[in-house]
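Here is the structure we will look at, set down as structure tokens.
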Amino acid sequence: MSDSTPTATPDRPEALPPQSSPVDPAVAGAVGKGPAHGSGGTGQLSWWRGDGGEGTRRNLGLIGVLVVLILIGIATRPDLYGDSSWVWNNILTILKLASVVGVVTVGMTFVIIGGGIDLSVGAIVALAGVWCTTLATQSYGAGGMIFTALVVGMCVGLVNGLLVSYGKLVPFIATLAMMVAARGLAAQISGKQTQVSDNAAINGIASTSLLGIPLLVYILAAVVAAGWVLLNRTTFGRRTVAVGGNPEAARLAGINVRRHTVLLYALSGLCCGIAAIMLTAQATSAQAAMANLYELDAIAAAIIGGTLLSGGRGTIVGSLLGVIIFSTITNLFAINGLSTEAQNMVKGGIIVAAVLVQQFQFRSFTQFLGRNRLTTG
Amino acid sequence: MTQHSRDLSRRRLLFGGAALGAGALLVGCTSNEAAPTAAQTKAADTAAGGNSTPGKKVTIGFSAPAADHGWLAAITTNAKAQAAAYSDVDFKTVEAGADAAAQRAALSTLIAQKPDVIVMLPHDGKELNAAGLEAMKAGIPVVNLDRAFPDALAYRLQIMGDNYGMGVAAANYIVAQLKAKGVSTPVIGEIPGIDSLELTQQRSKGFADTLAAAGFKVANRRPAEFTADSGQQAATGLLQALPKIDAVWNHDDDQGIGVLAAVNQTGRKEFFMVGGAGSKKAMEDIQADNTVLKATVTYSPSMASSAISLARLIGQGKGMSDLVELQVPKEIVLASETITKENASSYLKLGF
């Protein structure tokens, strides 16, 4: 499945397909103009001007936002930020807070780039979490719990994918139905109770640190790295961009669009399964109402990160930055003791601002946007 | 190409087999055979001539929101169990669905069936006031469980927990402990539940008012959503914002599981915590005395059992036997009690 790095030509290495795969010349056509990957400037001198460097520019903008948020934190709570051990601890806290939503967002980014949407991620996290903390599952130990969460997550994602691609349901409707149904099943299994996890190994995932860095942060890093490689360095990733950019062209190019769509939703479900283990470990319990509205957090983070809601464009690094920005805002409001009402308003404002800025700054994409269903992004 | 497709079909077979096996294994994993928590009922008094001697047959209609939380689940369980304890009660339950509109619809079908009494826990007292009025107009007495109707004509009996009093009780415990330790300017944190709910605001007001009377105030307040995972996140934020804490009040013991997890994950021990609602696990933790949780203030779902008992009396036209009045009173507000290590054992049977 995986191709090596494309043989770069001087001007547009990103848009050029790997030479080895027969489908890829057409993929480039399906993708259209300048797919921006989060590859962080692939050695191009003109990354700040060329189409290929667009993702890099966008991500630098997000890092700018992050710096501003941290500066606000330093300005408002100089007493806390004066303590270097507290600052290090705070960075880890922000990353830990971002870890669960971050893993979900990686899967969500793939689905959105592939032209879909997954509204059921929060519900899948809850279902996988509840399923892996039933007494029967807990009796199999940590391995059984992890296996259960991953398989449940992937299977639910698989059902989503089958409904969307073979059942020809609109992704919004199929996953909306799954959101309701999966929470219902979770409530059924848990008997509407909070299920406490007694497994020390699972609970330890949230409290263990290696070399001073929490295990949760390593998991996030691993998932993000795997997602980045999958999106940018494999045919699977290129097909995802192609399918999302123009499914018809992708189909004519010989990509099995339907099967690919199924795989994308299964991938999202798998990410939810991983997130379910992390969240269960953090809360040392699971219940049907857990991971409430994570779908919105994940979609918002992906959009802020520059993923086009109509598909065909997006970066993993951008999505990660989006998640970290949100958890930094949460942290900023917490350390200043401000209300969550104000926090939610700021979050909403940032989502709108991010999309407005993207529309304004990337006029060259107007034509590309016009061809898709959702021009407003 | 043929080689390719043969590979694919073999892969498919392997995948299919693995999927089937995993599926079979997983379905086996849904069983959850914990001994269910005993419902909080009052056994029928054996004394002859008491109120519990079987009387006129009473049909009680019951409606409560679909439970996604331990407390709500306990409400429904308790109501059912209490009704089953009476031989002269016919118990009819309608699912109230996900919101006020769904509950309104469910209630009108219930009213059409003409039960003798309706017991309901409304999604929102204000929004379902009209439904209460409608039932009362149809001649069916309404027992409102926990979420008050603004209109006095909309109910025959209101039985509620004391949200404000819960805050007062928590603050009183914290103030007493801190005074005993001689802390003059304590750092107090608060982790409420869903902040937009009136009950949360009342709890927080009772807490803040009582602390203010002692000259203390809440240093930081991070709302969660009554779930363990949101409690964990809110607590992590709170602990990060306050490097040194003296006391924390967490409004809800279900979300408290997550709050305690966050406390353990950060290894903080310098403060003590008070819980809320009174879950079984919280009481056990208090008894074991090995966490920061030292007390919890009750908001007991046992009120559902009492509501059913009182609804039966209303249906039979009887009063409460210890009172002089011949009819059941119109309003009952339960006191919020403070459970500590000393008295936890006597409350354990009321934990949910």
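So the sequences go chain by chain: Z and C. In terms of my numbering, the first sequence opens at residue 20 and continues consecutively. In terms of my numbering, the second sequence opens at residue 20 and continues consecutively. A virtual CB, placed ideally from N, CA and C, is assigned to each residue, including glycine.
Using a C-beta to C-beta distance shorter than 7 Å, which residues of chain C count as neighbours of residue i?
| i | result |
| --- | --- |
| T167/Z | L45, C48 |
| T303/Z | I276, A280 |
| V170/Z | A41, L45 |
| A294/Z | By Cβ distance, chain C contributes nothing, its closest Cβ being about 11 Å from A294/Z, past 7 Å. |
Any idea if residue i is buried or exposed, counting beta-carbon neighbours within 10 angstroms, 16 or more meaning buried?
| i | result |
| --- | --- |
| P41/Z | Interpretation of P41/Z is limited by its pLDDT of 43, a score under 50 that renders its predicted location unreliable; the figure taken from the coordinates is listed afterwards. Result: exposed. |
| P54/Z | Its pLDDT being 42, under 50, P54/Z is placed unreliably by the model, and the measurement read from it follows with that caveat. By the 10 Å Cβ count, P54/Z comes out buried. |
| T128/C | exposed |
| V46/Z | Its pLDDT being 44, under 50, V46/Z is placed unreliably by the model, and the measurement read from it follows with that caveat. Answer is buried; the Cβ neighbour count reaches 16. |
| Y183/C | buried |
| A354/C | exposed |
| A195/C | exposed |
| T28/Z | Note that T28/Z scores 40 on pLDDT, short of 50, meaning its location in the model is unreliable; the coordinates nonetheless yield the value given after this. Exposed, because fewer than 16 other Cβ atoms sit within 10 Å of the Cβ of T28/Z. |
| G62/Z | Because G62/Z carries a pLDDT of 45, less than 50, the predicted location of this residue cannot be relied on, and the following value inherits that uncertainty. With fewer than 16 Cβ atoms within 10 Å of its Cβ, G62/Z is classed as exposed. |
| L271/Z | exposed |
| N179/Z | buried |
| K368/C | exposed |
| T349/Z | buried |
| N163/C | buried |
| Q306/Z | buried |
| A34/Z | Legend: pLDDT at A34/Z = 42, less than 50; position of this residue unreliable, value from coordinates given subsequently. Label assigned to A34/Z: buried. |
| R31/C | exposed |
If distances are taken between C-alpha atoms only, which option among the options comes closest to residue i?
| i | options | result |
| --- | --- | --- |
| T95/C | Q274/C, A157/C, S321/C | S321/C |
| L257/C | P190/Z, N109/Z, C290/Z | N109/Z |
| V189/Z | A219/Z, T280/Z, N275/Z, A200/Z | T280/Z |
| L357/Z | V237/C, E350/C, G295/C | V237/C |
| K115/Z | Q284/C, Q346/C, L147/C | Q284/C |
| P242/C | H270/C, P262/C, T78/C | H270/C |
| Q221/C | A247/C, G180/C, A254/C, A260/C | G180/C |
| A100/C | E114/C, G116/C, F81/C, A85/C | F81/C |
| L345/C | A154/C, T315/C, K337/C | K337/C |
| L152/C | I178/C, D228/C, Q132/C, R123/C | R123/C |
| A373/Z | I335/Z, A321/Z, N355/Z | A321/Z |
| E146/C | P73/C, W268/C, V267/C, E217/C | E217/C |
| I293/Z | V199/Z, T194/Z, V119/Z, T112/Z | V119/Z |
| F245/C | V77/C, G89/C, S203/C | G89/C |
In chain C, what lies closer than 8 Å to residue i by C-beta?
| i | result |
| --- | --- |
| L234/Z | Within chain C, no residue comes near L234/Z; the closest Cβ sits about 11 Å away, beyond 8 Å. |
| L298/Z | D248 |
| A1/Z | Only positions 20 to 396 of chain Z appear in the structure, and residue 1/Z is not among them; the question remains open. |
| T347/Z | Correct list: empty, because the minimum Cβ distance to chain C is about 12 Å. |
Since residue i contacts residue j with CB under 8 Å, what's their CB separation in whole angstroms?
| i | j | result |
| --- | --- | --- |
| Q140/Z | C291/Z | Inspection of the sequence shows that residue 140/Z is occupied by Val rather than by Gln. About 5 Å; that satisfies the 8 Å criterion. |
| A326/C | V138/C | 5 Å |
| S216/Z | Q157/Z | 7 Å |
| R277/Z | S209/Z | Rounded, the Cβ-Cβ distance is 34 Å, inconsistent with contact. |
| Q274/C | G297/C | Contact flag wrong, Cβ pair sits at about 14 Å. |
| L239/Z | V122/Z | 6 Å |
| V113/C | A125/C | 4 Å |
| G370/C | K299/C | 3 Å |
| T347/Z | L88/Z | 5 Å |
| E314/Z | L138/Z | 5 Å |
| L204/Z | L146/Z | 6 Å |
| R331/C | V108/C | 6 Å |
| S338/Z | T124/Z | 5 Å |
| N148/C | D170/C | 5 Å |
Applying a beta-carbon distance threshold of less than 9 Å, which residues of chain C neighbour residue i?
| i | result |
| --- | --- |
| V215/Z | A247, I276, K300 |
| W105/Z | Q259, P262 |
| A94/Z | Per Cβ cutoff of 9 Å: no residues; A94/Z is ~16 Å from chain C at best. |
Name, please, each residue of chain Z whose Cβ falls closer than 7 Å to the Cβ of residue i.
| i | result |
| --- | --- |
| D273/C | T213 |
| P242/C | T359 |
| N239/C | G356 |
| N283/C | S226 |
| G89/C | Q212, T213 |
| Q251/C | Q301, A302 |
| A173/C | Under the 7 Å cutoff, chain Z gives no residues; its nearest Cβ is about 28 Å from A173/C. |
Run down chain Z in chain order and give the residues with a C-beta less than 9 Å from the C-beta of residue i.
| i | result |
| --- | --- |
| A92/C | G210, K211, Q212 |
| D228/C | What D228/C touches in chain Z: nothing, since even the nearest Cβ is about 19 Å away. |
| D214/C | S358, T359, E360 |
What does residue i touch in chain Z if you count any residue whose Cβ is under 8 Å from its own?
| i | result |
| --- | --- |
| T255/C | T112, K115, L116 |
Whole alpha helix (DSSP H) elements within the region 137–169 of chain C, 4-residue minimum:
148–156
Sequence ranges, beta strand (DSSP E) only - wholly within the region 237–262 of chain C, length at least 3
237–240
Of all the alpha helix (DSSP H) runs that stay within the bounds of the region 128–205 of chain Z, which reach a length of 4 or more residues?
140–151, 154–157, 160–184
What are the uninterrupted segments assigned as alpha helix (DSSP H) that are 4 or more residues long and contained completely in the region 175–228 of chain C, given in chain order?
182–200
Which complete alpha helix (DSSP H) runs does the region 304–364 of chain C hold, if anything under 4 residues is left out?
321–335
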